[in-house]
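Below you'll find the structure, written out as C-alpha cells, and then a few comments.
Residue numbers (this note's numbering), protein chains in the order written: chain Z, 9 to 433; chain F, 9 to 433.
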C-alpha cells in the first residue's frame, strides 16, 4: 500500500497580505514536505478573517490529505485559526489542564503577568493533540480525523520550524508513501533555457522517474533531476543514469553537478589543482573578484584583483601600453590581453582573467555598441580571448556586467581544462 | 465614486511548491498594492498544472476585482499561465507581430539561435495588451474584461518588479479617479528598523495622509511617504511636510530622498563636488568598487580599485608595510589606514576608502572574531577610521561583506561632509 499523499499549506496573517513580511514558513514547509515525498499542490495565504479562513480550510480539506496551517494561534481576539479549523472539523475545544499549567509556568519563569486571554491558548480539541512548543506559549495542534491530517502551527518561523521538526516530521515521515525522493542539480552555462529544452526534449518529456525540471536564472540553466525509489541508493542510481543521458547531449555546457555556482566550482577546481588566479576588471568593476571571494576559502586561490576603470590605472598599475589604448581603444581584444598579462605578472598567479567592455547605458557607438565586451584568460603563456555582445535592451548595465563576469569565470575554467562551454560569437 | 478594489495574487511555479525559492514576488506585489489602497485578501501558489491553475484562476475571478499572476510565461511546454487564463477569460490568442519582432531582434543581438517554442511568447490575447518587458523575452499581458482586470507578469523578480512599476502601477494607481497618489522615499542608513520606528512612532501612527511605511533591507531602512490629493502639487506638498517632520527626528541618518542607494548618492555628490575616489578592499573582495561602478557615469569619479586579498598584494601594490602586518595583523586599523593611503597615492584620487576584516565562516579568534572589520576613509590628509563587528550569527559571510561595503560608502560620504550617520562601535 504505497499511497502518494498530498498536502496543502495555509498561512494566516494580515502581515503577509500587506507584504510586511516574507513568507518563509511556506518555503520551509514545502521544502520539508518535498524531501519526504509529499506533494504540495497548493499554498495559500489568508487574513485573520473568519469567513475567508473558513472557505480556505474547506477548500483545502476538499483537495488534500494533509493540511498545515501557520499563524493565528496567539492569545488575542484576532487569532482565530484554532477556533475556525476546529469548528469546520466538528472538534469541540476544551481546556487542557496540562497545557494550562505549562503556560502558567512559562509566565512565572518570565516574571510576566498573565491576562485572561492567555488561557485561550490552553484550549485543545477533544479529538486532537496539543504539540508542545519549546519556544513560545502557543502549542501546536494535531487532528487526525475523517482521513484528514491537520496540523496547526504557530506563525513565528523559529517556533514553527522547531515544532515541525520535533512533532510533525516524525508523524509525516512515517506515513507509508513507499518511496523516498532524491534530487541532483545539473549546472549549465553557455546555453539558453529554450535551447537546453529543445536539445533535451525527448529526455525531459518522456522521463517520469526521474523527472527533469529546468530553472533559468542569471544567464544559467539549472536542471533538477528528481528520482523516486524505495531507498536512497536506488533513487540516486536512477538520477545518475538520467544525468549521464543528459550529459551525452549537452555535456559541453555542464560545469557542475550540485555545483551551486561558477565561482564555487572555480574555487573548488583551482584548489584541487593547486592553481591561483588574479583578475583585471574594467566594465565589471570588481564583480568577478567579488564573486570569487564570496566563496569561503577563496583566499587560497585568489590574492589580487585590479579594478582598472580608468586608462591611467590600466597603464600605471597593469602596464597596458599607451599605444595599445590609442590604436585599438580601451575596449579591444588587445587591451584585454595586456590587462590579463599585466595582472598575472603583478600577482604571480598561474591564471588571470581580464574584462573590458561597454556596460552602458551611454558610451556605445555603431562600431562598439553597448554590451560589447572583450574577455581574455591567460594560463601561464596560453591565451584565450573572446568577443561578446551582451544585453537584451538598453539600460541593461547590471545584466551585461553579470554575464560578462560569468563568462570570465567560465573562461578561467575553460583555459585550465575544467569546463568546455560552447562559445557564441 | 471612490470604490475600494480587491486584488488576488496567484504565483505559478513548481519551484515555489517545492520550496526551492522564496516567494518574494507575492510580498513585492502585496506591498505595492497596499501602498495604493488596494486590498489583498488572498495569495496563492499553484504548479504548472492546467486543472489546478484553472481552478485557482476561476476562484480568484469569483472573489476579486484584480488578478495578478506571476510566472509561467516562458517559452517551454510547461509554461501555461497565458494559455490557461486566456481560455478561462474567453480570450483568443493570436500572434502579435510587434512582439514577435522584438523577440527575433533579441535573439539576433545575442547571436543566439531561436527555437520554435520562442514564438509562443509572441502570442497575445485579441482583447488584451502586451506589456513590453525590458528585461526578458516574455512580455506581460493585461486583459480588462467583464469588470475584471487581469495582469500576467513574468516570474523572475527583476522582470516582474520592473514591469509592475512601468506598466501595472500606472493603471492601478489611476483606478481611484478621485485622487492621485504621490510617493517619496527617505533613505536611512546607520539606524535599525525598530529604532527608526520607535523614534518616529508618533508620526507614523498618527499620519494617515501621507502614510509612512518602513521597509528594511540590506542594513538600510527606506521610509515610503505616500500622499493622496486631487493633484500632484498638493500631494507633493503633503509629502514634503511629512519628510521635514521626519528629518527633524532622524535627519542624521538620512542620506537621501529618492536616493536609491548609497552608491548612487555617492556618485551624484562626488560628481557635483568634482571629487574622485579609489578603493582598497580585502574582505569585501571588490564589492565596493562593484557597487560604485553599478552607477552609470561613475567613471568620472572612480578610476582605480585594488582588491588586495593577500598580504603580498597589500604590500606590493598598496605599499602596506611588512612591519605593520607583522605587528598589528592584516585586520587592524593600521593596515586599513595604510591601504587607504596606498590606493590614494597610487591613483591620485581625492578620497579613498579601505576595508579589511574577517568575513568568515573561518578565520575568527576570540580577539578578532568573524565579523570584525576596520574601515578607513581618507580625504586629502584627513583620516577617519572605524572598527565594526558585523554579523548576526555565524556563516553570515555575505551579510558581513555587504554591511562593510555600505559603511565604506557611508564613510566616504561622511568624510566629505555629504552625510553624517551616527556611528556604532
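Just so it is clear, CB atoms sit at the ideal spot from N, CA and C, and this is done for glycine as well.
Give every residue of the same chain whose Cβ lies closer than 7 Å to the Cβ of residue i, excluding the five residues on either side of it in the sequence, and list them in chain order.
{"i": "residue 283 (chain Z)", "result": "309, 358, 359, 424"}
{"i": "residue 391 (chain F)", "result": "345, 384"}
{"i": "residue 426 (chain F)", "result": "277"}
{"i": "residue 151 (chain Z)", "result": "97, 99, 133, 135, 136, 158"}
{"i": "residue 24 (chain Z)", "result": "31, 53"}
Does the distance from the CB of residue i to the CB of residue j come in under 7 Å?
{"i": "residue 228 (chain Z)", "j": "residue 197 (chain Z)", "result": "yes"}
{"i": "residue 8 (chain F)", "j": "residue 368 (chain F)", "result": "As shown, chain F starts at 9 and ends at 433. That puts residue 8 (chain F) outside it, with no answer to give."}
{"i": "residue 138 (chain F)", "j": "residue 190 (chain F)", "result": "no"}
{"i": "residue 78 (chain Z)", "j": "residue 19 (chain Z)", "result": "yes"}
{"i": "residue 316 (chain Z)", "j": "residue 290 (chain Z)", "result": "yes"}
{"i": "residue 294 (chain F)", "j": "residue 294 (chain Z)", "result": "yes"}
{"i": "residue 8 (chain F)", "j": "residue 147 (chain F)", "result": "The requested residue 8 (chain F) does not occur in the structure, where chain F is confined to residues 9 to 433."}
{"i": "residue 36 (chain F)", "j": "residue 167 (chain F)", "result": "no"}
{"i": "residue 187 (chain F)", "j": "residue 236 (chain F)", "result": "yes"}
{"i": "residue 56 (chain Z)", "j": "residue 86 (chain Z)", "result": "yes"}
{"i": "residue 32 (chain F)", "j": "residue 51 (chain F)", "result": "no"}
{"i": "residue 15 (chain Z)", "j": "residue 41 (chain Z)", "result": "yes"}
{"i": "residue 27 (chain F)", "j": "residue 163 (chain F)", "result": "no"}
Who are the Cβ neighbours of residue i in its own chain at under 6 Å, not counting the five residues just before and after it?
{"i": "residue 362 (chain F)", "result": "288, 344, 347, 348, 384"}
{"i": "residue 397 (chain Z)", "result": "379, 380"}
{"i": "residue 102 (chain Z)", "result": "134"}
{"i": "residue 210 (chain Z)", "result": "none"}
{"i": "residue 434 (chain F)", "result": "Since the first and last residues shown for chain F are 9 and 433, residue 434 (chain F) lies out of range."}
In three-state terms, what does DSSP make of residue i?
{"i": "residue 106 (chain Z)", "result": "helix"}
{"i": "residue 223 (chain F)", "result": "strand"}
{"i": "residue 217 (chain Z)", "result": "coil"}
{"i": "residue 359 (chain F)", "result": "strand"}
{"i": "residue 442 (chain F)", "result": "For chain F, the structure presents residues 9 to 433; residue 442 (chain F) sits outside this window and is missing."}
{"i": "residue 450 (chain Z)", "result": "Residue 450 (chain Z) is absent from the structure shown; chain Z starts at 9 and stops at 433."}
{"i": "residue 366 (chain F)", "result": "coil"}
{"i": "residue 39 (chain F)", "result": "helix"}
{"i": "residue 413 (chain F)", "result": "helix"}
{"i": "residue 72 (chain F)", "result": "coil"}
{"i": "residue 26 (chain Z)", "result": "coil"}
{"i": "residue 378 (chain F)", "result": "coil"}
{"i": "residue 431 (chain Z)", "result": "At residue 431 (chain Z) the pLDDT is 45, less than 50, meaning the model places this residue with poor confidence and gives no usable figure here."}
{"i": "residue 398 (chain Z)", "result": "coil"}
{"i": "residue 162 (chain Z)", "result": "coil"}
{"i": "residue 329 (chain F)", "result": "coil"}
{"i": "residue 150 (chain F)", "result": "strand"}
{"i": "residue 78 (chain F)", "result": "strand"}
I believe residue i touches residue j by the beta-carbon criterion, under 8 Å. Please report the beta-carbon distance rounded to the nearest angstrom.
{"i": "residue 231 (chain F)", "j": "residue 218 (chain F)", "result": "Their Cβ separation, rounded to whole angstroms, is 10 Å, which puts residue 231 (chain F) and residue 218 (chain F) out of contact at 8 Å."}
{"i": "residue 275 (chain Z)", "j": "residue 306 (chain Z)", "result": "5 Å"}
{"i": "residue 421 (chain F)", "j": "residue 273 (chain F)", "result": "7 Å"}
{"i": "residue 160 (chain Z)", "j": "residue 89 (chain Z)", "result": "6 Å"}
{"i": "residue 434 (chain F)", "j": "residue 208 (chain F)", "result": "With chain F covering 9 to 433 only, the question about residue 434 (chain F) has no answer from this structure."}
What residues in its chain sit with their C-beta under 8 Å from that of residue i, if we drop five residues either side in the sequence?
{"i": "residue 111 (chain Z)", "result": "122, 126, 127, 129, 130, 145"}
{"i": "residue 402 (chain F)", "result": "Model confidence at residue 402 (chain F) stands at a pLDDT of 47, short of 50, so the residue's coordinates are unreliable and nothing is read from them."}
{"i": "residue 332 (chain F)", "result": "340, 342, 343, 346"}
{"i": "residue 414 (chain F)", "result": "197, 226, 227, 228, 270"}
{"i": "residue 285 (chain F)", "result": "274, 278, 300, 309, 310, 357, 358, 359, 360, 361, 420"}
{"i": "residue 251 (chain F)", "result": "192, 194, 233, 265"}
{"i": "residue 338 (chain F)", "result": "290, 319, 322, 364"}
Positions along the segment 260-285 of chain F whose CB lies within less than 8 Å of some CB in chain Z: none
Proximal residues, the segment 162-193 of chain Z versus chain F, C-beta separation under 8 Å: none
Where the segment 294-306 of chain F meets chain Z: residues whose CB sits under 8 Å from a CB there: 294, 295, 296, 297, 298, 300, 301, 302, 304, 305, 306
Positions along the segment 143-162 of chain F whose CB lies within less than 8 Å of some CB in chain Z: 143, 144, 145
Contact list for the segment 71-96 of chain F against chain Z, Cβ threshold 9 Å: 71, 82, 83, 84, 85, 86
Interfacial residues, the segment 342-355 of chain F to chain Z, with Cβ spacing under 8 Å: 354, 355
Interfacial residues, the segment 372-396 of chain Z to chain F, with Cβ spacing under 8 Å: 379
Proximal residues, the segment 22-41 of chain F versus chain Z, C-beta separation under 9 Å: 22, 23, 24, 25, 26, 27, 28, 29, 30, 31, 32, 34, 35, 36, 37, 38, 39, 40, 41
Cβ-based contacts, 8 Å cut-off: residues of the segment 210-237 of chain F near chain Z: none
Cβ-based contacts, 9 Å cut-off: residues of the segment 319-337 of chain F near chain Z: 319, 320, 321, 324, 325
Contact residues within the segment 48-68 of chain F, judged by C-beta distance below 7 Å to chain Z: 48, 49, 50, 51, 52, 53, 54, 55, 60
Chain F contacts from the segment 193-204 of chain Z (Cβ-Cβ distance under 8 Å): 200, 201, 202, 203
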